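Remember, the numbering used here sits 14 above the position in the sequence shown when you count from 1.
All residues carry an ideal CB built from backbone N, CA and C; glycine is no exception.
Since the structure is predicted, the reported quantities are computational estimates derived from the model, not experimental observations.
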Amino acid sequence: MLKFEYRICTSFNWTSKFAEEMKTCFFNSGFKFKNFKGLDNRNAKEKSELISEAEVVILAGGHVPTQNIFFQQINLKNELKTSNKIIIGFSAGSMNGSEEVYAQPELQGESLDPNYKRFLKGLE
Numbered sequence: 015m016l017k018f019e020y021r022i023c024t025s026f027n028w029t030s031k032f033a034e035e036m037k038t039c040f041f042n043s044g045f046k047f048k049n050f051k052g053l054d055n056r057n058a059k060e061k062s063e064l065i066s067e068a069e070v071v072i073l074a075g076g077h078v079p080t081q082n083i084f085f086q087q088i089n090l091k092n093e094l095k096t097s098n099k100i101i102i103g104f105s106a107g108s109m110n111g112s113e114e115v116y117a118q119p120e121l122q123g124e125s126l127d128p129n130y131k132r133f134l135k136g137l138e
């Protein structure tokens with residue numbers, strides 16, 4: 015199983031902790047994994063290999079624009095288009111999985127920033 019991380023500008027410790035908590039929740043619900051790997055800037059160069067090895071791809075939550083930038087940087091749309099994977103999205107992950115994404119301002123100052131982009135290109 016593969017989980018995509020989105021915190022490209024913050025602590026990798028946070029994303030690792032979040033991934034471990036998610037793995038625990040799935041395990042406690044009866045799901046077993048051979049592997050459970052995250053994808054973020056630490057291993058983005060391995061994206062094609064990680065995605066090809068995955069049976070399930072989880073697009074996790076977080077800050078919508080930050081995750082969207084990461085998805086665009088790694089060309090996730092193309093990676094997923096050529097694969098036959100189960101994709102689970104929640105929160106920001108499900109929003110960024112659509113064709114057009116409405117990125118509601120959520121961080122301090124975003125709603126007042128005239129350059130803040132509320133509509134983004136998604137994965138669909």
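C-beta atoms of residue i and residue j nearer than 7 angstroms
i	j	result
residue 9	residue 73	Lying before the first or after the last residue shown, residue 9 is absent from the chain, which here runs from 15 to 138.
residue 75	residue 104	yes
residue 102	residue 61	no
residue 134	residue 115	yes
Nearest-angstrom beta carbon gap, residue j and residue i [assumed within contact, 8 angstroms]
i	j	result
residue 52	residue 29	6 angstroms
Residue i, DSSP secondary structure in three states
i	result
residue 16	Any reading at residue 16 must be qualified, since the residue scores a pLDDT of 43, below 50, and its modelled position is unreliable; the value itself is stated next. Residue 16 falls in the strand class under three-state DSSP.
residue 138	coil
residue 24	Any answer about residue 24 is weak, because its pLDDT of 49 lies below 50 and its placement is not dependable; what the coordinates show is given next. Coil at residue 24, not helix or strand.
residue 41	helix
residue 130	coil
residue 46	coil
Among the options, nearest to residue i - alpha-carbon criterion
i	options	result
residue 107	77, 126, 68	77
residue 67	32, 50, 121	50
residue 96	41, 137, 45	137
residue 33	59, 71, 44	71
residue 59	85, 80, 41	85
Continuous alpha helix (DSSP H) assignments of at least 4 residues falling wholly in the stretch 54-113:
61-67, 78-87, 90-95, 106-110
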